[in-house]
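Position 319 of the sequence shown, counting from 1, maps to 319 under UniProt numbering, and the rest follow consecutively.
Okay, structure first, notes after.
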Amino acid sequence: MTDHPASPRSFSASLPLKGRIAIPGDKSISHRALMLSALAVGESRVTGLLEGHDVLATAAAMRAMGAGIERRDDGEWRIHGVGVGGLLQPREALDMGNSGTSTRLLMGLVASHPITATFTGDASLSGRPMGRVIEPLSQMGADIGASPGGRLPLMVRGLAPAIPLAYRLPMASAQVKSAVLLAGLNTPGITEVIEPVPTRDHSERMLCGFGADLEVETDADGTRHIRIRGEAELKPQTIVVPGDPSSAAFFIVAALIVPGSDITVANVGLNPTRAGLIEILQAMGGDIELLDARDVGGEPVADLRVRHSALKGIDVDPAVAPSMIDEFPILFVAAALAEGRTVTTGLDELRVKESDRLSVMATGLKAIGARVEESEDGLIIDGTGGDPLPGGATIAGHLDHRICMSFAIAGLVSTTPVTVDDMAPVATSFPDFEVLLAGLQGAAGAP
């Protein structure tokens, strides 16, 4: 994604939100669907793919390495794969835009192929450290030259055959786990990832779905051992991508805190490694009803009916953090409207996202009148008990899509409008965010 002109927007106190919406496809699953389809032999078909900048960066990179990828007019994507081991040398640098997921997972793919790829990104992505991925991939034999601090631009020279390893994750990270497993696909023997704290398991589910020889063993203490046998042959699949719970989160919280709201969010992925926010909001008193729970392509899915609720502050168990790490910014907004105190800890990971999300959320919430205290690894928020926030500030979104959307929702419950300095970054994950929001507001005023 190239740098864009700023697109400031103001959000003000809202009518009740009413109606039914379908949110974009899950970003994590969309990335993996493209990558694994590109490594299968034959044609895979994908519907519901999230078509934001991040996922399109993955599609462009897989095309650059030899896969045939086309989008049909009906929204179905068709991918002709090159087979594991068949990635081609890209002719130019792979531009990852703002996508950390694309970068880390593709580094894993390249690491065990006999090719060299240079990864570049926008200013935000170029500030994010890649050392956690560089470490295990280097142990597998990849030669990685990064900019100072392990940052982009960086070059990965893959090794084939790569060296299998057993790698214990020093901290919970689905992206590092996935990078190592993807490198293991083309590595002879067994590559193992040891995961002391479970993280989102989309890679494991989808690798199995494509026919990889993968097994997961869980110790008595909850440590997971994920083993993949390399030189795999993946079979093409037909994939329906469920709706992204991280995108649904903004509308779920909006309906809970805007008085009189009653909405249904259709087809939300409820993978247990991702659904922590739902549990926390229900524990705070949120009225969230799961309708038509079902299984789609190995992933649990349901429609969520959400109604305005009087939320109460709670102490959030840090053990739930990996299952909702991207949802904390919008949870902080919910906490600011709850009755009593919400305490979060164990969120060090939020300091190395697209922005330092702890610091940026604390600063922004204070600016619109919330009572917030920032600690080393979390925020302590004393809520209004449902009263509107004063609002009235312009918030620096730091090119971070989740920060921008979180403060857009905060504006809906503020006495004076809240301005987000630049909503353009939202296109990375949720291009239709404002359109869907306006539709729910319009439905409330409809006869």
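Here a beta-carbon is modelled for each residue, glycine too, at the ideal position from N, C-alpha and C.
Just so you know, these numbers come straight off a predicted model, no measurement behind them.
Q.
Please return the same chain residues whose Cβ sits closer than 6 Å to the Cβ of I395, not counting the five positions on each side in sequence.
A. For the purposes of this step, residue 395 is taken as the residue at position 395 of the sequence shown. So the list reads G364, F407 and V420, once near-sequence residues are dropped.
(Q) Please determine whether the Cβ atom of G340 lies at a distance below 7 Å from any heavy atom of the ligand GDP. (A) Although the ligand GDP was asked about, the structure shown includes no ligands whatsoever.
Q. Quick one: any contact between the segment 268-286 and the segment 43-59, if contact means 3 or more CB pairs under 8 Å?
A. no
Q.
Looking at A67: is its Cβ nearer than 8 Å to the Cβ of G85?
A. For the purposes of this step, residue 67 is taken as the residue at position 67 of the sequence shown. For the purposes of this step, residue 85 is taken as the residue at position 85 of the sequence shown. Taking 8 Å as the Cβ cut-off, A67 and G85 do not qualify as a contacting pair.
Q | Residues bridged to M155 [DSSP beta-bridge criterion] | A | Here residue 155 is taken as the residue at index 155 of the sequence shown, counted from 1. Looking at the DSSP assignment, M155 forms a beta bridge with T118 and G145.
Q: Can you say whether P242 is buried or exposed, counting buried as having 16 or more other CB atoms within 10 angstroms of its CB?
A: One-based indexing of the sequence shown puts residue 242 at position 242. Its Cβ being crowded by 16 or more others within 10 Å, P242 is buried.
Q. So which of A162, P300, R20 and T428 has the shortest CA-CA distance to H31?
A. Mapped onto the sequence shown, residue 31 falls at position 31. Of A162, P300, R20 and T428, the residue nearest in Cα terms is T428.
Q.
With the cut-off set at 8 Å, would you say I29 and A248 are in Cβ contact?
A. Numbered from 1 along the sequence shown, position 29 holds the residue referred to as residue 29. Numbered from 1 along the sequence shown, position 248 holds the residue referred to as residue 248. For I29 and A248, no; Cβs fall outside 8 Å.
Q: State the CB to CB distance for the pair R413 and P388, rounded to an integer number of angstroms; the pair is presumed to be in contact (CB under 8 Å).
A: Walking along the sequence shown from the start, residue 413 turns up at place 413. Walking along the sequence shown from the start, residue 388 turns up at place 388. In the sequence on display, residue 413 carries Val and not Arg. Confirmed, Cβ separation roughly 5 Å.
Q: With a 10 Å radius around its C-beta and 16 neighbouring C-beta atoms as the bar for buried, classify P425 as buried or exposed.
A: Looking up residue 425 in the sequence shown gives position 425. Buried, since its Cβ has 16 or more Cβ neighbours within 10 Å.
**Q.** Endpoints, the beta strand (DSSP E) within which D262 is located
**A.** Locating residue 262 in the sequence shown gives position 262, counting from the first residue. D262 to G269 is the span of the beta strand (DSSP E), which, as asked, contains D262.
Q) Run through DSSP, which three-state label would P447 get? A) Indexing the sequence shown from 1 puts residue 447 at position 447. Unreliable placement is indicated for P447, whose pLDDT of 46 sits below 50; the coordinate value is still reported in the next sentence. Coil, per DSSP.
**Q.** CA-to-CA distance, A166 to S12, given in whole angstroms
**A.** Indexing the sequence shown from 1 puts residue 12 at position 12. Indexing the sequence shown from 1 puts residue 166 at position 166. Between S12 and A166, the C-alpha separation is close to 52 Å.
Q.
Suppose the cutoff is 6 Å on Cβ atoms and the five residues either side in sequence are ignored; what does the same chain contact list for E373 look like?
A. Counted from its first residue, the sequence shown places residue 373 at position 373. Answer for E373: I380, listed in chain order.
Q.
Can you tell me whether E76 is helix, strand or coil according to DSSP?
A. Taking the sequence shown and counting its residues from 1, one reaches residue 76 at position 76. It is coil, neither helix nor strand.
Q) In the structure shown, what three-state DSSP assignment does L49 receive? A) One-based indexing of the sequence shown puts residue 49 at position 49. L49 falls in the coil class under three-state DSSP.
**Q.** Beta-carbon proximity list for E231, same chain, < 6 Å, skipping 5 on both sides
**A.** Reading the sequence shown from its first residue, position 231 is the one you call residue 231. Only P188 meet the Cβ criterion.
Q. How long is the line joining the alpha carbons of P148 and S126, rounded to whole angstroms?
A. As a working mapping, residue 148 is identified with position 148 in the sequence shown. As a working mapping, residue 126 is identified with position 126 in the sequence shown. When rounded, the distance between both Cα atoms is 11 Å.
Q) Among residues of its own chain, excluding the 5 on either side of A338, which ones have a beta-carbon nearer than 7 Å to its beta-carbon? A) As a first step, residue 338 must be located in the sequence shown, where it is residue number 338. So the qualifying residues of the chain are M284, L311, K312, G313 and G383.
Q: Following the continuous beta strand (DSSP E) through P300, name the residue where it begins and the one where it ends.
A: Here residue 300 corresponds to residue number 300 of the sequence shown, with the count starting at 1. Its beta strand (DSSP E) spans residues E299 to R307.
Q | Pair within 8 Å by beta-carbon distance, D262 and K27 | A | Translated into the one-based positions of the sequence shown, residue 262 becomes position 262. Translated into the one-based positions of the sequence shown, residue 27 becomes position 27. For D262 and K27, no; Cβs fall outside 8 Å.
Q: Taking only runs that begin and end inside the segment 375-419, name each unbroken beta strand (DSSP E) of 3 or more residues, in chain order.
A: 378-382, 389-391 and 414-416
Q.
Would G108 and L137 be called neighbours here (beta carbons separated by less than 8 Å)?
A. In the sequence shown, residue 108 corresponds to position 108, counting from 1. In the sequence shown, residue 137 corresponds to position 137, counting from 1. Yes.
Q) Can you find at least 3 beta carbon pairs, one from the segment 325-340 and one from the segment 278-294, that sit closer than 8 Å? A) yes
**Q.** Beta-carbon spacing of A57, D422 below 8 Å
**A.** As a working mapping, residue 57 is identified with position 57 in the sequence shown. As a working mapping, residue 422 is identified with position 422 in the sequence shown. Their beta carbons are not under 8 Å apart, which means A57 does not touch D422 by this criterion.
Q.
Any beta carbon from chain C within less than 8 Å of G81's own beta carbon?
A. No chain C appears in the structure shown, which is made up of a single protein chain.
**Q.** Own chain residues within Cβ distance below 7 Å of A179, not counting five before or after
**A.** For this step, residue 179 is matched to residue 179 along the sequence shown. Excluding sequence neighbours, A179 sits near R104, L105, M107, G108, V133 and L137.
Q) For I314, does the three-state DSSP call read helix, strand or coil? A) Position 314 of the sequence shown, counting from 1, holds the residue named residue 314. In the structure shown, I314 sits in coil (DSSP, three-state: anything other than H, G, I, E or B).
(Q) Taking a contact to mean a Cβ-Cβ separation below 8 Å, would you say A64 touches L94 in this structure? (A) Here residue 64 is taken as the residue at index 64 of the sequence shown, counted from 1. Here residue 94 is taken as the residue at index 94 of the sequence shown, counted from 1. Result yes, Cβ atoms of A64 and L94 sit closer than 8 Å.
Q.
Do I115 and D185 count as a contact pair if the criterion is CB distance below 8 Å?
A. Locating residue 185 in the sequence shown gives position 185, counting from the first residue. Locating residue 115 in the sequence shown gives position 115, counting from the first residue. The sequence given here places Leu at residue 185; Asp does not occur at that position. No, the pair does not count as a contact, with Cβ atoms beyond the cut-off.
Q: Could you say if the segment 161-177 and the segment 193-201 meet the contact criterion of at least three C-beta pairs nearer than 8 Å?
A: yes
**Q.** Short Cβ contact (8 Å threshold) for A111 with G158
**A.** Within the sequence shown, residue 111 is the residue found at index 111, counting from 1. Within the sequence shown, residue 158 is the residue found at index 158, counting from 1. Cβ distance < 8 Å, so A111 and G158 count as in contact.
Q: Go through its chain and collect everything with a Cβ distance to P236's Cβ below 6 Å, but skip five positions before and after it.
A: Indexing the sequence shown from 1 puts residue 236 at position 236. Hits under 6 Å: A40, G42, E43 and S44.
**Q.** Straight-line gap, D143 to S102 (C-alpha atoms, nearest Å)
**A.** By one-based count along the sequence shown, residue 143 stands at place 143. By one-based count along the sequence shown, residue 102 stands at place 102. In a straight line, the C-alpha of D143 is about 19 Å away from that of S102.
Q | Check whether I21 and F251 have beta carbons under 8 Å apart | A | Working through the sequence shown from its first residue, we reach residue 21 at position 21. Working through the sequence shown from its first residue, we reach residue 251 at position 251. In this structure, F251 lies closer than 8 Å to I21 by Cβ.
**Q.** Residue range of the beta strand (DSSP E) that includes R20
**A.** Position 20 of the sequence shown, counted from the first residue, corresponds to residue 20. From DSSP, the beta strand (DSSP E) with R20 extends over K18 to A22.
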